[in-house]
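**Student:**
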Amino acid sequence: MPQQFMKYILILITLYLMLLVGAPTLFARGTGPADWIIRNRIVKDFYVGGQYNGAIFYAKSALRRMERKNSTPYKLVESLNDLAFLYYSQKQYDKAEPLYQRALIVLEQAIKPEEPLSNKHLWLADTLNDLGELYRVQGLYEQAEPIYIRLLEIWDKTLGPNDLNSLRIVERLAELYQAQGKTAKSIPFYIRLLEGAVKNYGPDDANVATSLNDLAVIYRNEGLDTEAEALEKRALAINKLVAKEIELGPDHIEIAEMINALAALYRSQGEYKVTESLYRRALKIRKKNLGSNHLKVAESLDDLVEFYRTHWQYRQAVKYLKRAFFIRVKLLGRNHLDVAECLAYMAELYQDQKKYTKAELFLERALIIRRKKLGPIHADVALTLNNLAMLYSQQGKFEQAERFYKRSVVTYEEVLGPEHLSLSTSLNNLAAFYKTQAEYNKAKPLLFRSLAIREKLLGPEHPYVATVLNNLAMILRAQGRYGSAKILFERALAINENALGPSSLEVAAVLYNLASVYRSLKQDEEAKAAQKRAIDIHVKYKGDP
Numbered sequence: 142m143p144q145q146f147m148k149y150i151l152i153l154i155t156l157y158l159m160l161l162v163g164a165p166t167l168f169a170r171g172t173g174p175a176d177w178i179i180r181n182r183i184v185k186d187f188y189v190g191g192q193y194n195g196a197i198f199y200a201k202s203a204l205r206r207m208e209r210k211n212s213t214p215y216k217l218v219e220s221l222n223d224l225a226f227l228y229y230s231q232k233q234y235d236k237a238e239p240l241y242q243r244a245l246i247v248l249e250q251a252i253k254p255e256e257p258l259s260n261k262h263l264w265l266a267d268t269l270n271d272l273g274e275l276y277r278v279q280g281l282y283e284q285a286e287p288i289y290i291r292l293l294e295i296w297d298k299t300l301g302p303n304d305l306n307s308l309r310i311v312e313r314l315a316e317l318y319q320a321q322g323k324t325a326k327s328i329p330f331y332i333r334l335l336e337g338a339v340k341n342y343g344p345d346d347a348n349v350a351t352s353l354n355d356l357a358v359i360y361r362n363e364g365l366d367t368e369a370e371a372l373e374k375r376a377l378a379i380n381k382l383v384a385k386e387i388e389l390g391p392d393h394i395e396i397a398e399m400i401n402a403l404a405a406l407y408r409s410q411g412e413y414k415v416t417e418s419l420y421r422r423a424l425k426i427r428k429k430n431l432g433s434n435h436l437k438v439a440e441s442l443d444d445l446v447e448f449y450r451t452h453w454q455y456r457q458a459v460k461y462l463k464r465a466f467f468i469r470v471k472l473l474g475r476n477h478l479d480v481a482e483c484l485a486y487m488a489e490l491y492q493d494q495k496k497y498t499k500a501e502l503f504l505e506r507a508l509i510i511r512r513k514k515l516g517p518i519h520a521d522v523a524l525t526l527n528n529l530a531m532l533y534s535q536q537g538k539f540e541q542a543e544r545f546y547k548r549s550v551v552t553y554e555e556v557l558g559p560e561h562l563s564l565s566t567s568l569n570n571l572a573a574f575y576k577t578q579a580e581y582n583k584a585k586p587l588l589f590r591s592l593a594i595r596e597k598l599l600g601p602e603h604p605y606v607a608t609v610l611n612n613l614a615m616i617l618r619a620q621g622r623y624g625s626a627k628i629l630f631e632r633a634l635a636i637n638e639n640a641l642g643p644s645s646l647e648v649a650a651v652l653y654n655l656a657s658v659y660r661s662l663k664q665d666e667e668a669k670a671a672q673k674r675a676i677d678i679h680v681k682y683k684g685d686p
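In the working numbering, each residue's number is its place in the sequence shown (first place is 1) plus 141.
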């Protein structure tokens, strides 16, 4: 303490001697910026040394000099803010507030409304931040809210929405709404904090787990337990992963398994970009530990294949599936069942792209392997027959299609019995084939049988039941039996709405069909309403009607 005291005595003596020897006057008649700079240094020295009264004295002196000299707005603002901060640090909030408010007025007069963003706005942002903090610490949340919102707009435009400065203000607003009991209003801000954490730290970082848990607490408070539980699972998986990385290192083979589990959670919650990055990281770790030709590497490739397929990125999906296929051929041989699985999946990818000839070749090869390994009476053989029948039908090979559909039905019956969901699906597919051939009398009994199986096994309110009802209604509509078709469409619609939600794509599909029946029955208003609702749902999911 004596050394600190002597330091400030020496500063004062030095200043006095400078005055005596004719140096530029610091306090009475300084004309250049040196006096203001030296005063600010003295203020900071006093503040750091805990001499708050001295700091306030010289801060006031610096402010008076700026006022008398008609200085630039920004030097005046700095002096105002420095003095306000000193009062704030001493909890003299009533003295700090008018200084911050005055600094805001000076800045607003200096910055033209149409002026592009520049460093001037950063001065404004700093002042808004200080004033917002002043209100926040006093619990004056209503006064703080518009200040923070305005500050956030500046940071978003100058630094970007994922900058840590912007996210700090997002956090302030989230906490502010929470403190006022406005939980619902805080949710978008907690969601943005989570997204920012993922962007800045990566999807498997401890900071992300913290944000997940924070948002989960908010959801719990709002009674959104399902949403909260999903976030808590992700947070738990991340924390376990982080702990394991500390224990084993980030590239240990066990880490890949945990990353895959975390990726599955992200995917189930619609976080697709994050899912891709995690799957890629797991693949990289497995290749590093196991080499490029290992079944675990093939499994990681499978995960990416399925991811790309669900996002219609077929070129990527085919590329990775081919790599997985060649790994399995090399390790297991050309006639292994896992190779047949790859071939069947490749067929599905080409079928999705309407490349039916290629799809047919792969699927026929898969059928040969499965028959050889499993025998002709097996559920996997029945599935392959069904899928080949579909391919034949899409290429106009109707005789082959009918023959393979029938063989699929017979095989399922022999393997699984007369009441199995797979048999129901096969019956439904054969009925759909007959419908395309306008052979409605052949289709209807198959659909009634399929419906009976599903109602018995799943109950009358299951979406799979709605699928068969929709198909039956389409046949009735094709036969001109619009009243009967309407009843079945409306029942299918009600089931899907209750089971899948009012905005699901399955609901939209039934609405399109129902609209056509309404038009046939001259119920034009109902038709328009159903059509509009179907289009709105489709646009929401796909981006176009």
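The beta-carbon is built from N, C-alpha and C at its ideal position, and this holds for glycine as well.
Round the Cβ separation of Leu248 and Val218 to the nearest angstrom and send it over; I've been treating them as touching at under 8 Å.
**Tutor:** The residue you call residue 248 lines up with position 107 of the sequence shown. The residue you call residue 218 lines up with position 77 of the sequence shown. Yes, they are in contact, since the Cβ atoms of Leu248 and Val218 sit about 6 Å apart, within 8 Å.
**Student:** Could you have a look at Met392 and say whether DSSP puts it in helix, strand or coil?
**Tutor:** Walking along the sequence shown from the start, residue 392 turns up at place 251. As written in the sequence, residue 392 is Asp, which differs from the Met given in the question. DSSP places Asp392 in coil when its eight states are reduced to three.
**Student:** Please state if the CB of Leu335 and the CB of Leu308 are separated by a distance shorter than 7 Å.
**Tutor:** The residue given as residue 308 occupies position 167 in the sequence shown. The residue given as residue 335 occupies position 194 in the sequence shown. No, the Cβ-Cβ distance between Leu308 and Leu335 is not below 7 Å.
**Student:** Out of Cys483, Thr566 and Tyr360, state which residue places its alpha-carbon closest to the alpha-carbon of Ser327.
**Tutor:** Within the sequence shown, numbered from 1, the residue matching residue 327 stands at position 186. Taking only the C-alpha atoms, the option nearest Ser327 is Tyr360.
**Student:** Quick check: the Cα distance between Asp366 and Leu372, rounded to an integer number of angstroms?
**Tutor:** Here residue 366 refers to the residue found at position 225 when the sequence shown is read from its first residue. Here residue 372 refers to the residue found at position 231 when the sequence shown is read from its first residue. Roughly 10 Å separates the two Cα atoms.
**Student:** Candidates Ile518, Glu395, Lys232 and Asn582: which alpha carbon is nearest Glu555's?
**Tutor:** If you number the sequence shown from 1, residue 555 lands on position 414. The option with the nearest alpha carbon to Glu555 is Ile518.
**Student:** What are the boundary residues of the alpha helix (DSSP H) that Trp296 is part of?
**Tutor:** On the sequence shown, residue 296 is found 155 positions in, with the first residue counted as 1. Run containing Trp296: Tyr282 to Thr299, per the alpha helix (DSSP H) assignment.
**Student:** Is the segment 591-603 in contact with the segment 558-570, if contact means three or more CB pairs nearer than 8 Å?
**Tutor:** The answer is yes - the segment 558-570 touches the segment 591-603, with three or more Cβ pairs under 8 Å.
**Student:** Only counting runs of 4 or more residues, tell me where the alpha helix (DSSP H) segments fall wholly within the segment 313-355, in order along the chain.
**Tutor:** Fully enclosed alpha helix (DSSP H) runs of 4 or longer: 324-342.
**Student:** If you run the structure through DSSP and keep just helix, strand and coil, what is Ser307?
**Tutor:** Within the sequence shown, residue 307 is the residue found at index 166, counting from 1. Looking at Ser307 - three-state DSSP - the assignment turns out to be helix.
**Student:** With DSSP run on the structure shown, which of helix, strand or coil describes Ala579?
**Tutor:** For the purposes of this step, residue 579 is taken as the residue at position 438 of the sequence shown. Reduced to three states, the DSSP call for Ala579 is coil.
**Student:** Which whole-angstrom value is the C-beta distance of Ala244 and Leu221, which I expect to be below 8 Å?
**Tutor:** Translated into the one-based positions of the sequence shown, residue 244 becomes position 103. Translated into the one-based positions of the sequence shown, residue 221 becomes position 80. Yes, they are in contact, since the Cβ atoms of Ala244 and Leu221 sit about 4 Å apart, within 8 Å.
**Student:** Suppose you measure from the CA of Leu424 to the CA of Leu610; what does that come to, to the nearest Å?
**Tutor:** The residue given as residue 424 occupies position 283 in the sequence shown. The residue given as residue 610 occupies position 469 in the sequence shown. If you take the alpha carbons of Leu424 and Leu610, they lie about 43 Å apart.
**Student:** Consider the Cβ of Arg512: report whether some Cβ of chain C lies at a distance smaller than 7 Å.
**Tutor:** Of the protein chains in the structure, only one exists, and it is not chain C.
**Student:** Taking the alpha helix (DSSP H) that Ser126 belongs to, which residues open and close that run?
**Tutor:** The structure shown has nothing for residue 126, since the chain only spans 142 to 686.
**Student:** Measuring CA to CA, which of Ile252, Ala640 and Asn612 is closest to Leu629?
**Tutor:** For the purposes of this step, residue 629 is taken as residue 488 along the sequence shown, with counting starting at 1. The shortest Cα separation from Leu629 among Ile252, Ala640 and Asn612 belongs to Asn612.
**Student:** Looking at C-beta atoms only, is the number of pairs between the segment 472-491 and the segment 506-522 that lie closer than 8 Å three or more?
**Tutor:** A contact exists between the segment 472-491 and the segment 506-522.
**Student:** Report the option in Phe330, Pro329 and Ser352 whose CA atom is closest to the CA atom of Ala338.
**Tutor:** Reading the sequence shown from its first residue, position 197 is the one you call residue 338. When each option's Cα is compared against that of Ala338, the closest is Ser352.
**Student:** Lys381: which of Tyr234, Glu395 and Lys514 sits nearest, CA to CA?
**Tutor:** As a first step, residue 381 must be located in the sequence shown, where it is residue number 240. Ranking the options by Cα distance to Lys381, first place goes to Glu395.
**Student:** Roughly how far, in whole angstroms, is the beta-carbon of Ala530 from the beta-carbon of Ala542, given that I think they are within contact range, below 8 Å?
**Tutor:** Sequence index remark: in the sequence shown, residue 530 carries index 389 (1-based). Sequence index remark: in the sequence shown, residue 542 carries index 401 (1-based). About 5 Å; that satisfies the 8 Å criterion.
**Student:** Measuring alpha carbon to alpha carbon, tell me which of Phe226, Gln250, Glu238 and Asn270 ends up nearest Trp296.
**Tutor:** Counting from 1 along the sequence shown, the entry for residue 296 is found at position 155. Of the listed residues, the one whose Cα sits closest to Trp296 is Asn270.
**Student:** Which complete alpha helix (DSSP H) runs does the segment 484-524 hold, if anything under 4 residues is left out?
**Tutor:** The qualifying runs are 497-515.
**Student:** According to DSSP, is Lys471 part of a helix, a strand, or is it coil?
**Tutor:** Within the sequence shown, residue 471 is the residue found at index 330, counting from 1. Of the three classes helix, strand and coil, the one that applies to Lys471 here is helix, per DSSP.
**Student:** Kindly indicate which three-state DSSP category Leu151 falls into: helix, strand or coil?
**Tutor:** As a first step, residue 151 is located in the sequence shown; it is residue number 10 there, counting from the start. The predicted model places Leu151 with a pLDDT of 42, which falls under 50 and marks its position as unreliable, so this point remains unresolved.
**Student:** Lys514 and Leu484 look like a contact to me (Cβ under 8 Å); what is the Cβ gap, rounded to whole Å?
**Tutor:** Looking up residue 514 in the sequence shown gives position 373. Looking up residue 484 in the sequence shown gives position 343. Not quite, the Cβ-Cβ distance comes to about 13 Å (not below 8 Å), so this is no contact.
**Student:** How is the alpha helix (DSSP H) around Gln541 delimited, first residue to last?
**Tutor:** Along the sequence shown, read from residue 1 onward, the residue named residue 541 stands at position 400. Here the alpha helix (DSSP H) through Gln541 covers Phe539 to Leu557.
**Student:** Quick check on Glu673: does DSSP put it in helix, strand or coil?
**Tutor:** Along the sequence shown, one-based indexing puts residue 673 at 532. Checking the sequence, you will find Lys at residue 673 rather than Glu. DSSP places Lys673 in helix when its eight states are reduced to three.
**Student:** Exposed or buried, what is Arg450 when buried is set at 16 or more other beta-carbons lying within 10 Å of its beta-carbon?
**Tutor:** The count along the sequence shown starts at 1 and reaches residue 450 at position 309. By the 10 Å Cβ count, Arg450 comes out buried.
**Student:** Which of helix, strand or coil does DSSP assign to Asn569?
**Tutor:** For the purposes of this step, residue 569 is taken as residue 428 along the sequence shown, with counting starting at 1. Reduced to three states, the DSSP call for Asn569 is helix.
**Student:** Measuring alpha carbon to alpha carbon, tell me which of Thr498, Ala481, His452 and Gln664 ends up nearest Asp521.
**Tutor:** For the purposes of this step, residue 521 is identified with residue 380 of the sequence shown, where counting begins at 1. Closest option to Asp521, Cα to Cα, is Ala481.
**Student:** Need the endpoints of the alpha helix (DSSP H) that Ser712 sits in, please.
**Tutor:** Since the first residue shown for the chain is 142 and the last is 686, residue 712 is missing from the structure and cannot be characterised.
**Student:** Assuming Asn222 is part of the alpha helix (DSSP H), what are its boundary residues?
**Tutor:** Sequence index remark: in the sequence shown, residue 222 carries index 81 (1-based). Start and end: Pro214 to Ser230.
**Student:** Nearest-angstrom Cα distance between Ala650 and Tyr682?
**Tutor:** Taking the first residue of the sequence shown as position 1, residue 650 is located at position 509. Taking the first residue of the sequence shown as position 1, residue 682 is located at position 541. About 13 Å.
**Student:** Return the Cβ separation of Leu300 and Leu314 in integer angstroms, given the expectation that the two are a contact with Cβ distance under 8 Å.
**Tutor:** Reading the sequence shown from its first residue, position 159 is the one you call residue 300. Reading the sequence shown from its first residue, position 173 is the one you call residue 314. That pair is no contact at about 16 Å.
**Student:** Going straight from the alpha carbon of Gly432 to that of Val438, what length do you get?
**Tutor:** Numbered from its first residue, the sequence shown carries residue 432 at position 291. Numbered from its first residue, the sequence shown carries residue 438 at position 297. Roughly 8 Å between the two C-alpha positions.
**Student:** Give the C-beta separation of Tyr533 and Phe545 to the nearest angstrom, bearing in mind that I take them to be a contact with Cβ-Cβ under 8 Å.
**Tutor:** The sequence position of residue 533 within the sequence shown is 392, counting from 1. The sequence position of residue 545 within the sequence shown is 404, counting from 1. At roughly 6 Å, the Cβ-Cβ gap stays under 8 Å, so Tyr533 and Phe545 are in contact.
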